[in-house]
Structure formats: C-alpha cells, structure tokens
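Novice: Here it is, the structure in full.
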Amino acid sequence: PTVFVSGATGFIAQHVVKGLLETKKYKVVGSVRNSEKATLMKAGFENNPDLSFVIVRDLAQIDAFDESFKQLGSEIKYVFHTASPVIFDITDFEKDLIVPATNGTKGIFQAAVKYAPNVKKFILTSSFSAVCSIAEENDSSLTLIEKSWNSQPLEEAMGNSVDAYGYSKTAAEKAAWDLHKKLDPKFSLTVINPAYVFGPQCFDSSVKEKLNASCQNINEIVHSNLGDPVKAQVKGSFIHISDLAKAQVSCIENHKLNGQRLILAKDRFSLQNVVDIINAKYPSLEGKITKGEPESAKQAIEGLAKVDNHVTKELLGFPLKTLTEAVQDTVDQILRVEAAQ
Ligand code: NDP
C-alpha cells in the first residue's frame, strides 16, 4: 500500500517517513515544493526504492494536490497531511499563513475524496495551538482537554504572527472536520495536535545555522552568551519528535485512533527549564551560555492552564519521553555536527 505524506521534507514529516519506511510495509510518496531538498532526503534514506516524490509547489492553490492524486489515484491508501507554514517573521499573515494552511488542508482532503477511492485513513497534523490560544494557554483557571478549541477570533489573531499561526492551524483543522462531516468519505480522519516538538533532525545534514521553528528555540540557547535574556513567552507543553512520529505511524494500525483528536504533549515546560538542562548536562557549555533566571521556571509553569490529555496517552499506550531526553537529543546532534565542521 502507498502512503502519501505532504510536506515530506519538513522536520516532522521526515521522521514520519522514516517510521513508515522502517516498517517495510509501505511505499511512501512525499510531496515537496523543492526538488533539491527531496534529492537530499532521498540520499539520506540511501535511495530507498520505497520512497518517491511528487512536486506540489504552493499549498495556497486549492487544486495544488489534484494532479498528483489523479496520477496516483487508487494506489493511495493512507494520507498524512503535515505541510503547513510554520513561519513567524512575516507581515502578511493571511497570505503567508492562513490561506496556505486552510487551502492546503481543504485541497488535499478534496483531492483524496475525488481521485483516490481506496484511501482508508487521513491523518492531519494540526497543532496544540488549535487547542488553545496563547491567552487561553496562559489562563491558569483552564484545563485543556482533547475537546478544547482555540477560540480566538480572527480580528484578534491578526495582531501578531504567533496568534495568526494559531488561527491558521485552528481554521485548517476545523475545515478538515467539517469536510469529513459534509463529504462523508469512506476514510476515517485522525487529527494529531502536537505541542512544541523537540528532538534531533532526521538527518545531520538538516542541522543548519537555523533549525525549524520549534527546535530553533533550543539552538538559540546553545548559541547564546552568558547573560542573554531567555524568551519568557516560550513555554507550554512539549513532545519528543520520536514519540510524535511513532504516534503518527501507529494511526495506520491502531484503529482505536480513527476519528480521534490527539493531544501530543508530555508535560508543561518553560524555556528556562531547557536552559537549566543544558547547563547541567553540558559542562563544556556551562559558563559560556546563558543561565537565565533558574528560579523563574516554576512560576512560569504555574501560570499556565492545566493540560489533561490522559485520553490520548491511554489511546497511544506507550510512555512519552521526558524534556531532558528531548533537549539532550537535540543538543547532542547540534554539537556533533558543529564539531565535525
Ligand atoms: P517545517 O517548517 O519543518 O515543515 C513545514 C512543511 O510544510 C515543510 O515541508 C514545508 O516545505 C511545507 N510548507 C510550508 N509552507 C508551505 C507552502 N506555502 N507551500 C507548500 N509547502 C509548504 O515544520 P514542522 O515539521 O515542525 O511542521 C510540520 C507540521 O507540524 C505543520 O503542519 C505544523 O503546523 C505542525 N506542528 C509543528 C509543531 C512543532 O513544534 N514543530 C507543533 C505543532 C504542530 P519546505 O520543506 O519546502 O519548507
């Protein structure tokens, strides 16, 4: 059976593809917008014949996926939609975030319904930012569960790129649930809502000066100077990339996950916790990088909403990795790659 993975060259998607190929059960077709990145990825997987690519250039085009789905048609059995902009240094939030996120999701969903009659499951990578807004996340009176939704209206979300990103993910996820209800396709929908995803890049070759948005937070601490401030707004929940990829791949065989909305989050954290872990675990960095304000972490977390995702944890049925593991796995790779340069 063939699995279609959109945005295959992304940080998360590469790990999902790796997990799929490791089962040796599936052919994977990844959509990419950049063929150079695809070539690098193909080489990373040692030109595994079970991995191929199609070009889907612009998610904003509602028919962007039609051509590929027409071609692959009845071959596709599972669809993982992960492609969506994760960028914050922008000014046109509608054009750069909201339109590609929502049109991308609608477009691939409709293409699956129209052209791929054998699709059994559609797995959407949404986000914890579709579960709550930044304001809701910082309301300590709330308890967030799998049924919670980011309720920030568009006008408010347009105030900054972080809120606009949350709006883009919320609108895209809602579109998927709505289409599933309206078109009543033969396939199930599972939505995965990860919190901050940390961990190594799938390949050392992806370790660049700047990493994907979530891991860049850790990269910045590794390259900080003593006395640098620590971004207080970076706090919430986290998940190790290997747990996320495992959860995604398990959607194919774990039928209990059909129709579920899963919150992929291990624990609460603040960036100060990351700083503390790096200082404690890497004597070579200690004294060079920032120490932040070690006493601030506890208070930062206490100010956050509670998260109760025991439903997800029970459905997944495997233990989730700790922040220390996630941070160390990220930093080990950065230091290894830099030492070799
Ligand atoms: P990346 O930036 O590494 O991946 C984003 C992917 O989407 C890339 O493949 C990228 O292509 C593609 N993409 C982005 N914009 C467009 C566009 N306009 N047209 C076509 N393709 C586009 O980030 P992640 O791997 O972290 O994110 C993957 C998914 O996970 C996203 O849906 C994101 O919202 C979600 N997510 C991520 C979290 C995290 O902490 N990392 C947390 C929660 C959710 P290219 O490779 O060419 O850049």
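Per full-length UniProt numbering, the very first residue in the sequence shown carries number 4; after that it's consecutive.
All C-beta atoms, glycine included, are put in the ideal place defined by N, C-alpha and C.
1) According to DSSP, which residues form a beta bridge with K238?
2) What does a CB cutoff of less than 6 Å around F272 pick up in its chain, not counting 5 residues either side in sequence?
3) Drop a sphere of 10 angstroms on the beta-carbon of S144, count the other beta-carbons inside from all chains shown, and report buried for 16 or more, exposed for fewer.
4) If V19 and Q251 are in contact, beta carbons under 8 Å, what's the gap, nearest whole angstrom?
5) Check the C-beta distance from A16 over to T85 and give it rounded, since I have them as a contact under 8 Å.
6) Identify, in the order they occur along the chain, each residue of the same chain with its Cβ nearer than 6 Å to the Cβ of P120, setting aside the five sequence neighbours on each side.
7) At a cut of 8 Å, does the segment 151-167 reach the segment 102-112 through at least three beta carbon pairs?
8) Cutting at 7 Å between CB atoms, please list the residues of its own chain near I337, excluding the five before and the five after it.
9) Rounded to whole angstroms, what's the CA-CA distance from L323 to E25? Just pull it up for me.
10) What do you get for K238, buried or exposed, if any count of 16 or more other CB atoms within 10 angstroms of its CB means buried?
11) So which of A133, D61, S208, G33 has the shortest CA-CA distance to Q344?
12) Just to check my reading of the structure: P197 and L127 have Cβ atoms closer than 8 Å, yes? What is that Cβ distance to the nearest angstrom?
13) Between the Cα of K177 and those of T193, G162, N163, spot the shortest distance and give me the residue it belongs to.
14) Which stretch, first to last residue, makes up the beta strand (DSSP E) that contains G33?
15) How about the segment 161-176 and the segment 98-106: do they share at least three Cβ pairs that are nearer than 8 Å?
16) Under 8 Å between the Cβ atoms of S73 and S132?
17) Taking just the CA atoms, how far does V32 sit from G230?
18) Over the uninterrupted beta strand (DSSP E) stretch that includes S9, give me the two end residues.
19) Are V89 and N215 close, meaning C-beta to C-beta below 8 Å?
20) Does DSSP put R264 in a helix, a strand or coil?
21) Where does Q236 land, buried or exposed, given buried means 16+ other C-beta within 10 angstroms?
22) Would you decide whether A283 is buried or exposed? Buried here means 16 or more other CB atoms lie within 10 Å of its CB.
23) What do you get for P203, buried or exposed, if any count of 16 or more other CB atoms within 10 angstroms of its CB means buried?
24) Please classify I244 as buried or exposed, where buried requires at least 16 neighbouring CB atoms within 10 angstroms.
Specialist: Quick look at the numbers:
1) S273
2) F241, L326
3) exposed
4) Between V19 and Q251 a beta carbon distance of about 5 Å is seen, short of the 8 Å cut, so the two are scored as contacting.
5) 4 Å
6) S77
7) no
8) V210, N222, V225
9) So the two alpha carbons sit approximately 20 Å from each other.
10) By the 10 Å Cβ count, K238 comes out buried.
11) Nearest option by C-alpha distance: S208.
12) Contact doesn't hold; Cβ gap of about 11 Å is too wide.
13) T193
14) 30-35
15) yes
16) For the sequence presented, residue 73 should be read as Lys rather than Ser. No. Outside cutoff.
17) 47 Å
18) 5-9
19) Their beta carbons are under 8 Å apart, which means V89 touches N215 by this criterion.
20) Three-state result, R264: strand.
21) exposed
22) exposed
23) buried
24) buried
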